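To start, the structure under review is shown below, and the notes come after it.
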Amino acid sequence: MDSANPVTVLDVERSGRGDPTSRLSLLLAKRGSLTDARLRTALGANRLTPRHTMVLTYLGSEPACQQVLVDLLEVDPSVLVTILNELERAELIHRRRDPSDRRRHIVEITPSGGRTLNALEATFTEVEDELFADLSAAERDTLRELLSRVTAGPDACPDKGLKDKQRMERQ
Numbered sequence: 001m002d003s004a005n006p007v008t009v010l011d012v013e014r015s016g017r018g019d020p021t022s023r024l025s026l027l028l029a030k031r032g033s034l035t036d037a038r039l040r041t042a043l044g045a046n047r048l049t050p051r052h053t054m055v056l057t058y059l060g061s062e063p064a065c066q067q068v069l070v071d072l073l074e075v076d077p078s079v080l081v082t083i084l085n086e087l088e089r090a091e092l093i094h095r096r097r098d099p100s101d102r103r104r105h106i107v108e109i110t111p112s113g114g115r116t117l118n119a120l121e122a123t124f125t126e127v128e129d130e131l132f133a134d135l136s137a138a139e140r141d142t143l144r145e146l147l148s149r150v151t152a153g154p155d156a157c158p159d160k161g162l163k164d165k166q167r168m169e170r171q
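Numbering (the UniProt record's numbering), first residue to last: 1 to 171.
Written as structure tokens, this is what we have:
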């Protein structure tokens, strides 16, 4: 095709080319962008971001040192400090020195943070119901399992084994 005869949607459909949904990476990128945008909109009323809620979710089960959170979120330490500063200003988390190693900070969710996290469950459910309405409960479970497997696999974080070893040595 040339500029005088541009490619039409019908041409693309017939050829099988030009369909980004045929590439899993592009399909996930598109869905990820839509999910991020929808989640940011839903969380905006609470002045939280997806990363804020990830930190609260991790801390909802137990306190963690900052380095563990860096590894879990796969962010630069300076990015985590910014996130934690924002959460601390909102009184959703508290940082304290580790009594066994004064160089480390232990991060804990506050009672207010716990209440916020509990209230966000309805938000998560609403967003997921909207985004994945075409999937049955079993299909959602399968999607969650598959995505968990690829994000937890050895290639998800190439130096994860090294980070795990270093983290264990620090603790």
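All C-beta atoms in this analysis are idealised placements derived from N, C-alpha and C, irrespective of residue type, glycine included.
No experiment lies behind these values; they were computed from the predicted model shown.
Query: Going by other Cβ atoms of all chains shown within 10 Å of its Cβ, with 16 needed for buried, is LEU143 buried or exposed?; Result: exposed
Query: I think GLY60 touches LEU117, with their Cβ atoms under 8 Å apart; what is that distance to the nearest whole Å?; Result: 5 Å
Query: How would you write the range of the alpha helix (DSSP H) that GLU130 sits in, first residue to last?; Result: 111–131
Query: Relative to the C-alpha of ILE93, which residue among GLY114, VAL68, ALA119 and GLU121 is closest?; Result: GLY114
Query: So is THR53 buried or exposed if we call it buried at 16+ other beta carbons inside 10 Å?; Result: buried
Query: What's the C-alpha gap between GLU88 and LEU43?; Result: 17 Å
Query: Report yes if the C-beta distance between ARG95 and VAL79 is below 8 Å; otherwise report no.; Result: no
Query: Taking GLU91 as the reference, give the member of VAL75, PRO99, ARG97 and ILE109 with the closest Cα.; Result: ILE109
Query: Sort THR8, ASP19 and PRO50 by Cα distance to SER33 and report the nearest one.; Result: PRO50
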